[in-house]
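Before any comments, here is the structure.
Number of protein chains: 2
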Amino acid sequence: MLSSRCQCPTHSHTYSQAPGPSPGETTDYAFEDLQNMGAKSVCLMTDKNLSRLPPVQIVMDSLSKNGISFQVYDDVRVEPTDGSFMDAIEFAKKGAFDAYVAVGGGSTMDTCKAANLYASSPHSEFLDYVNAPIGKGKPVTVPLKPLIAVPTTSGTGSETTGVAIFDYEHLKVKTGIASRAIKPTLGLVDPLHTLHMPCQVVANSGFDVLCHALESYTAIPYSMRAPCPSNPIQRPAYQGSNPISDIWAVHALRIVAKYLKRAVRNPDDLEARSKMHLASAFAGIGFGNAGVHLCHGMSYPISGLVKTYKAKEYNVDHPLVPHGLSVVLTSPAVFTFTAQMFPERHLKTAEILGVNLYPGSVALQGANIRTAKTQDAGPVLADALRKFLFDLNVDDGLAALGYSKDDIPALVKGTLPQLPM
Amino acid sequence: MLSSRCQCPTHSHTYSQAPGPSPGETTDYAFEDLQNMGAKSVCLMTDKNLSRLPPVQIVMDSLSKNGISFQVYDDVRVEPTDGSFMDAIEFAKKGAFDAYVAVGGGSTMDTCKAANLYASSPHSEFLDYVNAPIGKGKPVTVPLKPLIAVPTTSGTGSETTGVAIFDYEHLKVKTGIASRAIKPTLGLVDPLHTLHMPCQVVANSGFDVLCHALESYTAIPYSMRAPCPSNPIQRPAYQGSNPISDIWAVHALRIVAKYLKRAVRNPDDLEARSKMHLASAFAGIGFGNAGVHLCHGMSYPISGLVKTYKAKEYNVDHPLVPHGLSVVLTSPAVFTFTAQMFPERHLKTAEILGVNLYPGSVALQGANIRTAKTQDAGPVLADALRKFLFDLNVDDGLAALGYSKDDIPALVKGTLPQLPM
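Quick note, the sequences are listed as chains A and B, same order. The first sequence maps to residues 1 to 421 in UniProt numbering. The second sequence maps to residues 1 to 421 in UniProt numbering.
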């Protein structure tokens, strides 16, 4: 049996340049792809931590080797804001690049998507493409430059989605830009880039995968949403659960159930880290079409209104609730609430997470008798989630992040602009 | 229990204009998509049978309503040849279109892909892009025009793939063009377009889905193929089984196992026909990346060397072995042969097709004892396939198509150029 204690040697900082397998061959390919696209002037976006580490170094070497000129922007903010997006956009506008490469987690990929969009649409106001009601939510009709996304965490799935999330500081809420036009041209999902992630980063980003899968699978089906947009260009990026997103959600959830604990507990477990890196992309393909709901909607004020909480193992100079943690903490309550709408789907996910829905039954000509009832679906799934989080030593509820009952009105106020997602 | 007799009222021709639900709203959207793409002069490709039927009529009405000028090419040949491809290419070159719409089965979509490719690359010789060893297999580096594919059969999955198959008449073999560049921009998978399909067309196209799923799931894994191409633009369209294609193969196979017989037997079973239409696209996404192997490789001479066999319910003026039939007839023999390589995968597919791998076992603390052994995997799957085909009254073996032992050398000769696929 695996120990429940983290064996990760890299507690004190976000990434360590540990010896081990070198990511390389796959990453090299991407820059031949860039060359094939005719790229001559590339913008490489990353953050300060990563800029000194192998995933970025390999990209730079590969660009140089292939004779592609590039400039590095390493001022990406972990949990970006409108201000940090703007800074990256200015850099992109000045550079007049013909392709982009984003190496990092969701913050980096999202910042790069925004930079590509606004540099390709230089006369737009920032709020033009930001989701309504905060922005104008205009459809994107300009052509963008190619963007290659190289994820180095296993949670966001941003390499597969047309979404870029940021804190809108003026209102202290998270919002985003959502359009299939900003989806990366190519995602390079190389598990060797994840071997340097500290345990807590693996856990929190894994929680994001868990909730992407659970929320997209339990989202309102596309066929129940109305009215239909009058023109396909006005279709939202998030269209509701559908037969394709369901496949990805269920498959990603099976991987999380089987491999997340292993990936957290042992940084050398290449199989588990590889599977979680794929699960992140798989869940991204699913929720990127279906959407997410309450866990994500409520997570934005939970991280946006942070006071002093600083996540362990994140090397940042500002208070930070990691996105995956802010998402997963409310999940037992959320699914208790949503189960009444689609109880069978909630039971199915509980079963994937290890709940035996047939306790004490006997095989009777192949047909077991299920004892779990649909009215118990919410509590059954909530219990499964609490056990899963307990096994991974997750902080217990919003109080652990420094919130009290007095914060509820502000948390509610910050949630409402996210809905409907 | 479902009757094994076909209840289809449209035995005598390929499509009947039966009353019933009208496909429309979804199809309308596609042409707003065309308008959003800035299309002003569209090439609509179809075949003579379909040109008078609702799927094509709706497209024409929609184009007219949206003020998009278009020309119709309805000379697509069912099971196209290099000659019929060339004819369509000439039409496309003369028209100088800025977008394409293909309404029909695989033959129409494949013809349209080829027309788009060569009209976009007017100085290329026909064999430049045809797969080696018959053609030169050059990578596609020219930009193509947008192509919207509207499948009206549920088998080919061509709306999702970068492949176009044709008979190369000079050598009497099938070959094709394979490049992600010819993949349709948009596939419009509207199940209402399938309600007019005669039973035999549903069955044969369903067999194609069955074999796409089985072959791509049992194809040599991408990680066992060597050498890697030196540049990503030389990556083959078919890359071997992989974690993404596996998901689609298994999911499509589950749908075939559950719904194909219902879809064949009752043309009004909208649920079954809808599921099969999705399964066709799902299997297409899988095999379009992973590839197929022996069933498809051997099918090409089986249909290419046809003497007098004319499939029931296909309204054509030439001898014809429908593609799906030519593929599935060899499947019991093929999987008996290939099972030694990946026995667990063969057993898993047999189980999905209804084989009980745990006969006579008892549930023992949740762990059943599997009695099927890996060395039996081939015969187990072959028996499952024979039963499946028997239930659908499929012609028994190659003799039923008019082949004898004397034809074996020619069939082998026609198979060899297909490998490796």
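The beta-carbon is built from N, C-alpha and C at its ideal position, and this holds for glycine as well. Treat the numbers as computed from the prediction; the structure is a model and nothing was measured.
With a cutoff of 8 Å on beta-carbon distance, Gly67/B and Gly324/B are scored as not near each other. For the region 212-241 of chain B, the set of residues with a beta-carbon nearer than 7 Å to any beta-carbon of chain A comprises Asn231, Pro232, Ile233, in chain order. Annotation note: the region 259-339 of chain B contains the following uninterrupted alpha helix (DSSP H) runs of length 4 or greater, listed N- to C-terminal: 270-290, 294-304, 323-328, 331-338. Contact between the region 125-139 of chain B and the region 41-58 of chain B is absent: fewer than three C-beta pairs spanning the two stretches fall below 8 Å.
The distance from the Cβ of Ala219/B to that of Ala283/B is about 13 Å, inconsistent with a contact at the 8 Å cut-off.
Of all residues in the region 278-309 of chain A, only Leu278 place a beta-carbon less than 7 Å from a beta-carbon of chain B. With contacts defined by Cβ atoms closer than 8 Å, Lys48/B and Asp82/B do not form a contacting pair.
Closest in alpha carbon position to Val76/B, among Met276/B, Gly104/B, Pro409/B, Leu411/B, is Gly104/B. About 36 Å separates the CB atoms of Pro191/B and Asp33/A; that is not less than 8 Å, and the two are not in contact. Ile247/B has a beta carbon lying within less than 8 Å of a beta carbon in chain A. Taking one beta carbon from each stretch, the region 404-413 of chain B and the region 294-305 of chain B have 3 or more pairs nearer than 8 Å; the two touch. In the displayed model, Gln71/A falls within a strand according to three-state DSSP. The C-beta of Pro243/B comes closer than 8 Å to at least one C-beta of chain A. Per the coordinates, the alpha-carbon of Ile182/A lies some 18 Å from the alpha-carbon of Phe91/A. In terms of Cα proximity to Ala119/B, the closest of Tyr100/B, Pro243/B, Met197/B is Tyr100/B. In terms of Cβ geometry, Thr330/B and Cys295/B form a close pair [threshold 8 Å].
Using a Cβ-Cβ cut-off of 7 Å, Glu351/B is close to nothing in chain A; its nearest Cβ partner there is about 12 Å away. Distance from the CA of Pro184/A to the CA of Pro151/A, rounded to the nearest whole angstrom, comes to 11 Å. Classified as buried, Asn204/A has 16 or more neighbouring CB atoms from the shown chains inside 10 Å of its CB. Contacts with chain B (Cβ-Cβ distance below 7 Å) from the region 32-66 of chain A involve Glu32, Asp33, Asn36, listed in chain order.
Judged by DSSP secondary structure, Lys65/B falls within the alpha helix (DSSP H) whose first and last residues are 54-65.
In the DSSP annotation of this structure, the continuous segment of the beta strand (DSSP E) that includes Tyr168/A starts and ends at 163-168. For the pair Gly157/B and Gly288/B, the CB atoms are nearer than the 8 Å cut-off. Within the region 95-129 of chain B, the complete alpha helix (DSSP H) segments at least 4 residues long are 106-120, listed from N- to C-terminus. Looking at the DSSP output, Pro236/A sits in no beta bridge, so it has no partner there.
Of the residues assessed, Asp317/B falls on the exposed side of the cut-off, its CB having fewer than 16 other CB atoms within 10 angstroms.
Counting other Cβ atoms within 10 Å of its Cβ, Val142/B stays below 16 and is therefore classed as exposed. In this structure, Thr153/A sits near Val201/A, with a CB-CB distance shorter than 8 Å. Comparing alpha carbon positions, the residue from Val328/B, Thr111/B, Ser62/B, Pro146/B closest to Gly187/B is Pro146/B.
Any Cβ of chain B closer than 8 Å to the Cβ of His318/A would place that residue at the interface, and such an atom is absent. Pro322/B and Ala311/B have their C-alpha atoms some 7 Å from each other. Here the region 268-283 of chain A lies against the region 237-256 of chain A, with 3 or more beta-carbon pairs under 8 Å apart.
Taking a beta-carbon distance threshold of 8 Å, His346/A does not count as an interface residue toward chain B.
At a cut-off of 8 Å between beta carbons, His196/B makes no contact with chain A. Per DSSP, Val209/B is one residue of the alpha helix (DSSP H) stretching across 199-217. In the three-state reduction of the DSSP assignment, Ile220/B falls in the coil class, being assigned neither a helical nor a strand state.
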